[in-house]
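In our numbering, the protein residues as written are 172 to 446.
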């Protein structure tokens, strides 16, 4: 059988999950095609109003489901998952959704000091959903969250191999570790999929005892587990090509294509997000 997945993010952050999907699918000989939709017209999501984003995501995903006919949709964006995942499931009950949330449960399991850091966007840090995750999975831990206004943009620069200032990354680490009770942090959750591409720098610039947790592989595994459990029937069993869509198509993005061509994405396409 051939399965078709749609991965959705505000920018390139979800590519880390897509990369893991292809790697894990190859190990299991699973026939998989993946469309990627980046809503870069309003990037970054972490700086947008909730009500605006919820309505936009519901509408945009609805159009994508109609046009692309995915068997499963991965909301490869923490901000979108924390504010719109439940609404998406209610609006599109016949579509299987997988979300991406900060790995707080994982962190609570491995932290020795029971002081967990969260590095995310400002929007994710402020979500009531985050409090629910903490109460459910890390009730015996102290969660110290910091919302970065710049790391998502730096991640895009790193991914495209553009110039950036490493001092800005160091400043964001310092901001997290300067918060009250942060001196006892031994584990930090990445709460934004973009941060996958900043992770090596975070590890290099932070104290050696800190563990950094990236949920990308776990999200990909969960999606493939749903397929392997045969709970999903392909809408169309015909193999497809992998397509990469932008809601605001750049004039030229050779740097991006150079990073994704090996996954089968050979050109950038425009996805009409307006009526």
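The C-beta atom is built at its ideal place from N, Cα and C for all residues, glycine as well.
Problem - One or two residues paired with residue 246 in a DSSP bridge - result: 179
Practice task
Identify every run of the beta strand (DSSP E) within the stretch 367-435, keeping only runs that are complete inside it and at least 3 residues long; order them along the chain.
Solution key: 382-384, 415-417
Practice task
Could you round the C-beta distance between residue 187 and residue 273 to whole angstroms and report it? I think they count as a contact, below 8 Å.
Solution key: About 15 Å; that fails the 8 Å criterion.
Handout entry: Anticipated Cβ contact below 8 Å, residue 255 with residue 275, distance rounded
Key = Incorrect: roughly 19 Å between the Cβ atoms, too far for contact.
Practice task
Determine the extent of the alpha helix (DSSP H) in which residue 187 is found, giving its start and end residues.
Solution key: 186-198
Practice task
Count the C-beta pairs between the stretch 277-285 and the stretch 176-193 that are closer than 8 Å, then say yes if the count reaches three, no if not.
Solution key: no
Exercise for the section: Could you check the C-alpha separation between residue 253 and residue 391 for me, to the nearest Å? Expected result: 18 Å
Exercise for the section: Note down the Cα distance separating residue 347 from residue 310, rounded to an integer number of angstroms. Expected result: 21 Å
Problem - Cα-Cα separation, residue 290 to residue 318 - result: 6 Å
Exercise for the section: Starting from the C-beta of residue 413, find all residues in its chain whose C-beta is less than 6 Å away, skip the five residues before and the five after it, and write them out in chain order. Expected result: 204, 205, 435, 436
Exercise for the section: Could you tell me whether the stretch 181-198 touches the stretch 286-306, where touching means 3 or more Cβ pairs closer than 8 Å? Expected result: no
Handout entry: Residue-chain proximity (residue 245, chain C), Cβ-Cβ < 9 Å
Key = Judged by its chain identifiers, the structure shown contains no chain C, having just a single protein chain.
Handout entry: the stretch 320-333 / the stretch 364-382 touching (three or more Cβ pairs under 8 Å)
Key = yes
Handout entry: Contact between the stretch 239-247 and the stretch 209-225 (3+ Cβ pairs under 8 Å)
Key = no
Problem - Limits of the unbroken beta strand (DSSP E) element including residue 298 - result: Premise fails: residue 298 is in no beta strand (DSSP E) and is neither H nor E.
Exercise for the section: Figure out for me which residue from 395, 333, 424, 430 has the closest Cα to the Cα of residue 198. Expected result: 395
Practice task
Would you list the residues sitting across from residue 206 in a DSSP beta bridge?
Solution key: 177
Practice task
Would you be able to state if there are at least three C-beta pairs under 8 Å between the stretch 371-390 and the stretch 327-340?
Solution key: yes
Exercise for the section: Return the CA-CA distance between residue 237 and residue 216, expressed in angstroms with no decimal places. Expected result: 23 Å
Practice task
With DSSP collapsed to three states, give me the class of residue 309.
Solution key: coil
Practice task
Can you check DSSP and say which residues form a bridge with residue 362?
Solution key: 291
Problem - Residues near residue 393 by beta carbon distance below 8 Å, same chain, minus five either side - result: 269
Handout entry: For residue 240, the three-state DSSP class (helix, strand or coil)
Key = coil
Exercise for the section: List the residues that DSSP assigns as beta-bridge partners of residue 439. Expected result: 415
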